[in-house]
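Colleague:
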Amino acid sequence: MSLCPHRAYLGLPPLLENVKIEGNVLTFSLSGIIPALANSLRRTMLAEVPTLAIHEVMFFENDSPMHDEIIAHRLGLIPLITPMGRYVPKDECDCGSELGCPKCRVSLYLDVTASDYPRVVYSGDLRSRDDPEVRPVSNSIPITKLPPHGKLRLEAYARLGYGREHAKWQPVGTAIYKFQPIICIKEHCNACGECVKNCPKSVLGISNNHLEIIDLEACSLCKFCMEVCPLDPPAISISHDRSKALFRVESTGSLPPKEILVEAIRILKEKSSKLLEEIEVSTIEKKGE
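Quick note on my numbering: the sequence shown kicks off at 4 and runs consecutively.
#1: Would you check if the stretch 254 to 261 and the stretch 166 to 183 touch, i.e. whether three or more CB-CB distances between them fall below 8 Å?
#2: Here's a check: name, in chain order, each residue in its chain whose Cβ is nearer than 6 Å to the Cβ of VAL52, leaving out the five neighbours to either side.
#3: How is SER269 classed by DSSP in three states: helix, strand or coil?
#4: Kindly indicate which three-state DSSP category ILE282 falls into: helix, strand or coil?
#5: Using a Cβ distance threshold of 8 Å, determine whether the stretch 178 to 195 contacts the stretch 141 to 153, with at least three qualifying pairs required.
#6: Nearest by alpha-carbon distance to ARG156: which of ASN142, PHE62, LEU29 is it?
#7: Looking only at DSSP bridge pairs, what is PRO184 linked to?
#8: Using three-state DSSP, classify GLY127 as helix, strand or coil.
#9: Are the beta-carbon atoms belonging to PRO86 and GLU136 less than 7 Å from one another?
#10: What residue range is occupied by the uninterrupted alpha helix (DSSP H) comprising LEU78?
#11: Is LEU49 helix, strand or coil when you go by DSSP?
#12: For ASP94, which residues of its own chain have a beta-carbon under 6 Å away from its beta-carbon, when the five flanking residues on both sides are left out?
#13: Pull up the CB-CB distance for VAL140 and ASP128, whole angstroms please, since I reckon it's below 8 Å.
#14: Note down the Cα distance separating LEU55 from CYS107, rounded to an integer number of angstroms.
#15: Just to confirm my understanding: we take ILE216, look at its own chain, exclude 5 residues before and 5 after, and list those with CB closer than 6 Å. What are they?
#16: Consult DSSP for ALA170 and reduce its assignment to one of helix, strand or coil.
#17: Whose C-alpha, out of LYS289, ARG46, ILE74, SER143, is nearest the C-alpha of TYR165?
#18: Residues bridged to ARG156 by DSSP?
#19: ILE36: buried (16+ other C-beta within 10 angstroms of its C-beta) or exposed?
#20: Would you kindly check if the distance between the Cβ of VAL231 and the Cβ of ASP218 is under 7 Å?
#21: Report the three-state DSSP secondary structure of LEU234 (helix, strand or coil).
#22: For the beta strand (DSSP E) containing VAL28, name the first residue and the last one.
#23: Drop a sphere of 10 angstroms on the beta-carbon of PRO121, count the other beta-carbons inside from all chains shown, and report buried for 16 or more, exposed for fewer.
#24: Within a Cβ cutoff of 6 Å, which residues of the same chain sit near PHE250, ignoring the five residues on either side of it in sequence?
#25: Since ILE24 sits in a beta bridge, which residues does DSSP pair it with?
#26: Just to confirm, is the Cβ distance from ALA238 to LYS189 under 7 Å?
#27: Identify, in the order they occur along the chain, each residue of the same chain with its Cβ nearer than 8 Å to the Cβ of ASN212, setting aside the five sequence neighbours on each side.
What follows is the structure, encoded as structure tokens:
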């Protein structure tokens, strides 16, 4: 089953291209689609790709000015590196334990004592008891501050979860897309340069007394160039191609951005296959009636 009716008519799946990865940021284009597919992929990356996050915290000592609940909430929002495929969600684990087991839970601890001076407790002070690969993405996230000789001792339990349950399990900070811009420069353009000076994204330029498109994909579809054009009608028009989406995905660091995309596509295909099976079963049952 193809997810795309446009390219599907030719027996082709959606086309993913122009993939670029810079640190935790992934950009790519997806063509031969409908808007619903683009949004489904975006929402799947946000809500359906599982990651580890701290869900329960046991406090032994807390001399900080913050209540236990506030610190627990902050701990839950610290992104943890998640080894793909190593753990299972609690509701899919066969242990049946309320506390979980090594297959569905990771134990971390924090034990900090301030010296003669106040001390800031950072995410880097968290240590894993079970799996050294599971650790905070960044060591420099402030958690709380201790007074001189103050102590903070706790044990935290991380489990797999989904962004649809709570934002702390989202593998991405942002997952956005826009449709491919279409810029049309009309014949009556006199290259006055007003659109070039006012474009906030430097999409346009003038070369040899002619208006040119310098960076099409940078266009934000604001249409400000049309507003500032002194001609009537404007010598430039802006529209978009709804069959091609330009994505920008920024990982929290829990998972590499490429893994997030691959897993989201797998989940989307799996759900589509299940839906098709349900439709086929329902059709057969109705025919049997």
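We put the beta carbon where it would ideally sit given N, CA and C, even for glycine. A quick note: this is a predicted structure, and the numbers were derived from the prediction, not measured.
Modeller: Once the coordinates are examined:
#1: yes
#2: PRO174, ILE263, GLU266, ALA267
#3: Looking at the sequence itself, residue 269 is Arg, so the reference to Ser does not match. Under the three-state reduction of DSSP output, ARG269 falls in the helix class.
#4: Reduced to three states, the DSSP call for ILE282 is helix.
#5: no
#6: PHE62
#7: HIS243
#8: helix
#9: yes
#10: 71 to 79
#11: It is helical.
#12: Cβ contact annotation for ASP94 (same chain, cutoff 6 Å, sequence separation greater than five): none.
#13: The beta carbons of VAL140 and ASP128 sit about 14 Å from each other, so the pair does not count as a contact at 8 Å.
#14: 10 Å
#15: ILE186
#16: helix
#17: ARG46
#18: GLU64, ASP114
#19: buried
#20: Judged by their CB atoms, ASP218 and VAL231 are not nearer to each other than the 7 Å cut-off.
#21: In the structure shown, LEU234 sits in coil (DSSP, three-state: anything other than H, G, I, E or B).
#22: 28 to 34
#23: exposed
#24: PHE31, TYR180
#25: LEU29
#26: yes
#27: ALA194
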